[in-house]
Amino acid sequence: MSAVVTLKKNEDRRISSGHLWAFSNELLSIEGNPQAGDLVELKTHAGGFLGIGVYNPHSLIAVRLLTREREEIDFQYFRKRIGAALELRTMLFGEADAYRLVHGESDFLPGLIVDVYGRYISLQAFSFGMDRRLTLICDVLDSLLHPKGIIERNETPMRSLEALPQKRGVLRGTAASVEIHEHGISYEVDLLEGQKTGFFLDQRENRFAIRRYARGTRVLDCCCNDGGFALNAAAAGAAEVTGIDVSEHAVRNATGNAVRNNLQDRSKFQAADMFEYLGSAAERGEQFDLITVDPPSFAKNRKGVVRAKRGYRDLHTAAIKLLRPGGILATASCSHHIDDGTFLQIVADAARSLNRAITLLEWRGASPDHPVLPAMPETHYLKFGVFRVH
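Oh and the sequence shown: position 46 is 108 in the working numbering, straight run, nothing missing.
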């Protein structure tokens, strides 16, 4: 391999401990003339071999490590990695028809997301190295899963950090809406228009977890998307469920999913701004027994943390106002830059501002098909807490 990237003195400690990124300000020298997406050897200041990764001179993440061995990054490499990921998901979910197959760094394929929806695959490439190898990756996916179609959902803002264009379309075969099943509930997933790669797979276990709190209750599902939390509450015997989402497309999907599962009699959905709805509901004197809150990320980067903390506090204050004494608040944050302790404190502060007390019943993360690499805090992003509000 002709290109070699050498780190500054002591900058190898984090990578030697298991992290997979080398940042641009940690580089001492670059031998050869590697271009964006090229393979490079990564070495310590003293010349020790750290591994092979993909290089991008346009990104703060200059090198994403693929392997700590001297091996070819070819079809067999990707088949080995993706095959191991498939083995884990089969162990987790057996014959499930929707799951995350590859979760980037946590499956040792940095910058690559692969989701399975029935006989279709939806993927995202966040790094230049993975984007350049999409044809090879599709070849491997074809050989392992024989899908009807492979769709790319590469319109995420994260690609701009790698100087990559926004793209969405069909890479192989055909694209179609597909019906998936999760905990006995059916959903129609629009692979080209749905959120993320089509559905929020990371909340799989958390959607099911709220069932124990839902029987006989009046439920409000904020940011309902395709109706996952709302329909699980209805399936568990909730008396009345209201789902709100700012997206009319999401509301149409949620309404259709309620009909698909014969839950339309106790589930209704409407397009509304979350903060406006919560405020007007308080003015009307409405109260709920169970409120779920699953907003989009409030902090895309570190600069947004202060504003995000204010936003989360305002949101939880508004939600807690609507809960009856003894009611349940199930709330999530997918902002990596808001850590567990900070999120817990925000919810506690919101309750205290209303002279309400809370007790934590459950503290959860993402579904296990979204594993966490302990050496990389960046891979732990989803926080989900279930609180009783007194």
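By construction, the Cβ of each residue, glycine as well, lies at the ideal position given by its N, Cα and C atoms. Computed from a prediction, not measured in an experiment: that's the story for all the values here.
Asked                                                                                                                    : Found
Proximity to Ala-147 [Cα-Cα], best of Ile-135, Arg-162, Arg-234                                                          : Arg-162
Secondary structure of Thr-106, DSSP reduced to three states                                                             : coil
CB-CB length for Leu-325 against Ala-297, believed under 8 Å                                                             : 6 Å
Exposure of Arg-346, with buried meaning 16 or more beta-carbon neighbours within 10 Å                                   : exposed
Top-ranked residue by Cα proximity to Ala-344, from Lys-330, Lys-383, Arg-372, Ala-84                                    : Lys-383
Same chain only: Cβ atoms within 6 Å of Phe-261, ignoring 5 sequence neighbours per side                                 : Val-251
Ranges of the beta strand (DSSP E) found wholly within the stretch 350-435, counting only runs of at least 3             : 350-355, 385-395, 420-426
Cβ pair count under 8 Å reaching 3, the stretch 389-400 against the stretch 112-122                                      : no
Within 7 Å, strictly: CB atoms of Lys-330 and Thr-354                                                                    : no
Three-state secondary structure (DSSP) of Cys-200                                                                        : helix
Outcome for Trp-425 when other beta-carbon atoms lying within 10 angstroms are tallied against a minimum of 16           : exposed
Check whether Leu-69 and Pro-172 have beta carbons under 7 Å apart                                                       : no
Opposing strand residues paired with Thr-68 [DSSP bridges]                                                               : Ser-91, Lys-105
Beta strand (DSSP E) runs wholly inside the stretch 186-269, at least 3 long, in chain order                             : 211-216, 229-235, 240-244, 247-251
For Ser-78, the nearest candidate out of Val-451, Met-438, Lys-445 (CA to CA)                                            : Met-438
Helix, strand or coil at Arg-280 according to DSSP, with G and I counted as helix                                        : strand
C-alpha gap between Val-240 and Gly-180, whole angstroms                                                                 : 7 Å
Run of the beta strand (DSSP E) containing Phe-170, from where it starts to where it stops                               : Run containing Phe-170: none; DSSP gives neither H nor E here.
Straight-line Cα distance separating His-120 from Ala-98                                                                 : 7 Å
Stretch-stretch touch, CB-based, cutoff 8 Å, three pairs: the stretch 412-430 with the stretch 131-141                   : no
Under the three-state DSSP convention, the category Glu-302 falls into                                                   : strand
Arg-162 - DSSP class collapsed to helix/strand/coil                                                                      : strand
Whether Ile-212 touches Ile-183 by CB criterion (7 Å)                                                                    : yes
Beta-carbon spacing of Asn-287, Ile-272 below 7 Å                                                                        : no
Cβ neighbour criterion (16 or more within 10 Å) applied to His-165                                                       : buried
Counterpart residues of Thr-129 in DSSP-defined beta bridges                                                             : Ile-114
Residue closest to Ala-238, alpha-carbon to alpha-carbon, out of Arg-418, Tyr-275, Glu-214                               : Glu-214
Opening and closing residue of the beta strand (DSSP E) in which Gly-447 lies                                            : 445-451
The alpha helix (DSSP H) enclosing Ser-342, as first and last residue numbers                                            : 336-345
Own chain residues within Cβ distance below 7 Å of Glu-440, not counting five before or after                            : His-398
Between the CA atoms of Gln-407 and Phe-270 - distance to the nearest angstrom                                           : 25 Å
Three-state secondary structure assigned by DSSP to Val-308                                                              : coil
Three-way DSSP call (helix, strand, coil) for Ala-437 in this model                                                      : coil
Close beta carbons around Thr-279, own chain, < 7 Å, minus the five adjacent residues each side                          : Ala-300, Ala-301, Asp-351, Leu-352
Neighbourhood of Ser-429 by C-beta distance below 6 Å, restricted to the same chain and skipping five residues each side : Asp-264, Arg-266, Glu-267
Where Ser-121 falls: helix, strand or coil (DSSP)                                                                        : coil
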